[in-house]
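This report refers to the structure that appears directly beneath it.
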Amino acid sequence: DAVILLWKLNDSKESEPLAFQDEDEAQLNKENWTAVKTLRGHLEDVYDICWTSDGNYMASASVDNTAIMWDVNKGQKVSILNEHKSYVQGITWDPLGQYIATLSCDRVLRVYNTQTKRVAFNVTKMPSGSGAEGEVCS
Numbered sequence: 001d002a003v004i005l006l007w008k009l010n011d012s013k014e015s016e017p018l019a020f021q022d023e024d025e026a027q028l029n030k031e032n033w034t035a036v037k038t039l040r041g042h043l044e045d046v047y048d049i050c051w052t053s054d055g056n057y058m059a060s061a062s063v064d065n066t067a068i069m070w071d072v073n074k075g076q077k078v079s080i081l082n083e084h085k086s087y088v089q090g091i092t093w094d095p096l097g098q099y100i101a102t103l104s105c106d107r108v109l110r111v112y113n114t115q116t117k118r119v120a121f122n123v124t125k126m127p128s129g130s131g132a133e134g135e136v137c138s
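For the sequence shown, position 95 (counting from the first letter as 1) is numbered 95 according to the UniProt record's numbering, and the numbering increases by one without interruption.
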């Protein structure tokens, strides 16, 4: 669907009907989730997501060859990262939230600066038999 749904675990412990008290214990421990945000921005399926350590921002990777940075509290796109030539299959934030790394089927790992929203580094895999292991460009 190219949509990201954010869910929240409800804190309230609703009392279970008496009929379940002697039944399956799974009913007594059932979790109650509520969809709180719908993030729309990708054109095709989302392949991977990651969060900043404080939980305020998220990044998503998609089959549409893009990655998107999201402000989770506002439910809005911060930036669309669209330099890849093939689908983005992996994405992660660094622990300090200063960089996002994306890996694509175009055989390039891109490292983005989250402040400038620009590519800081490209790491490429050279074709086999080229004699080189890889190349880092800034």
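Backbone N, C-alpha and C define an ideal beta-carbon position, used for all residues, glycine too.
Please list, in chain order, all residues of the same chain as residue 105 whose beta carbon is under 7 Å from its beta carbon, the five residues on each side excluded. 86, 87, 89
Tell me the DSSP secondary structure of residue 86 in three-state form. coil
*Residue ranges of each beta strand (DSSP E) run of no fewer than 3 residues wholly in the stretch 59–117, ordered along the chain?*
67–71, 76–81, 88–93, 99–104, 108–113
Open item on the list: Distance check for residue 124 and residue 54, CA to CA, integer angstroms please.
Closed with: 30 Å
* To do: With distances taken Cα to Cα, identify the nearest neighbour of residue 1 among 43, 49, 83, 115.
  => 43
*Where does residue 93 land, buried or exposed, given buried means 16+ other C-beta within 10 angstroms?*
buried
How big is the Cα-Cα spacing for residue 78 and residue 32?
-> 30 Å
**Message:** Between residue 52 and chain D, is the shortest Cβ-Cβ distance under 7 Å, so that the two count as touching?
**Reply:** Protein chain content of the structure displayed is limited to a single chain, and chain D is not contained in it.
- Is it true that the CB of residue 38 sits closer than 7 Å to the CB of residue 67? no
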